[in-house]
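> My questions all concern the structure below.
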Amino acid sequence: IASLLSRVSSELPAGVMMKLGMTNPPYMLAHVEPVAEILQRPNVFAFIHVPVQSGSDSVLQAMVREYTSADFRRLVDTLRATVPEMTVATDIIC
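When we follow my numbering, the leftmost residue of the sequence shown carries the number 42, and every step to the right adds one.
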């Protein structure tokens with residue numbers, strides 16, 4: 042995903058911005074460092090939407106999610122270390 046985002050952001054016309062929408066923690070964790078670099082580009086919004094869905098690992102497991110709440114925190118912490126002004130949107134299922 043990182044190479045695709047890099048290529049797309051490199052080819053955008055002047056004045057056009059890219060925004061990374063919905064993604065999932067296990068996919069992003071595999072590419073977190075290069076994605077963080079892309080989120081710093083001037084034509085890429087410092088924004089990401091990653092669903093946590095639940096802060097309970099037992100609920101995530103019952104939902105058959107492939108990540109834990111610690112994975113979500115690690116992803117956000119790693120991205121914010123490089124892009125501190127980044128906006129994080131999420132979904133929580135009540």
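In this text, a Cβ means the ideal position worked out from N, Cα and C, and glycines have one as well.
May I ask you to report which of helix, strand or coil DSSP gives residue 88?
Note: residue 88 maps to strand in three-state DSSP.
> When you compare only the Cα positions, how much space is there between residue 97 and residue 131?
So the alpha carbons of these two residues sit roughly 15 Å apart.
> State yes or no: is the C-beta of residue 80 within less than 7 Å of the C-beta of residue 124?
Yes, Cβ-Cβ distance for residue 80 and residue 124 is below 7 Å.
> Between residue 112 and residue 66, how many whole angstroms is the CB-CB distance? I'm expecting something under 8 Å.
Their Cβ separation, rounded to whole angstroms, is 5 Å, which keeps residue 112 and residue 66 in contact under 8 Å.
> Give the secondary structure of residue 129 by DSSP, where H, G and I count as helix, E and B as strand, and everything else as coil.
Strand at residue 129.
> May I have the straight-line CA-CA distance separating residue 100 from residue 92, to the nearest angstrom?
For residue 100 and residue 92, the distance between alpha carbons rounds to 14 Å.
> Is the beta carbon of residue 55 closer than 7 Å to that of residue 76?
No; because the gap between Cβ atoms is not below 7 Å, this pair is not in contact.
> Taking its Cβ as the centre, do 16 or more other Cβ atoms sit within 10 Å of residue 134, making it buried, or is it exposed?
Looking at its Cβ environment, which holds fewer than 16 other Cβ atoms inside 10 Å, residue 134 is exposed.
> Could I get the ranges of all uninterrupted alpha helix (DSSP H) runs contained in the stretch 47 to 108, with 4 residues as the minimum, in chain order?
Runs found: 66 to 70, 73 to 79 and 98 to 103.
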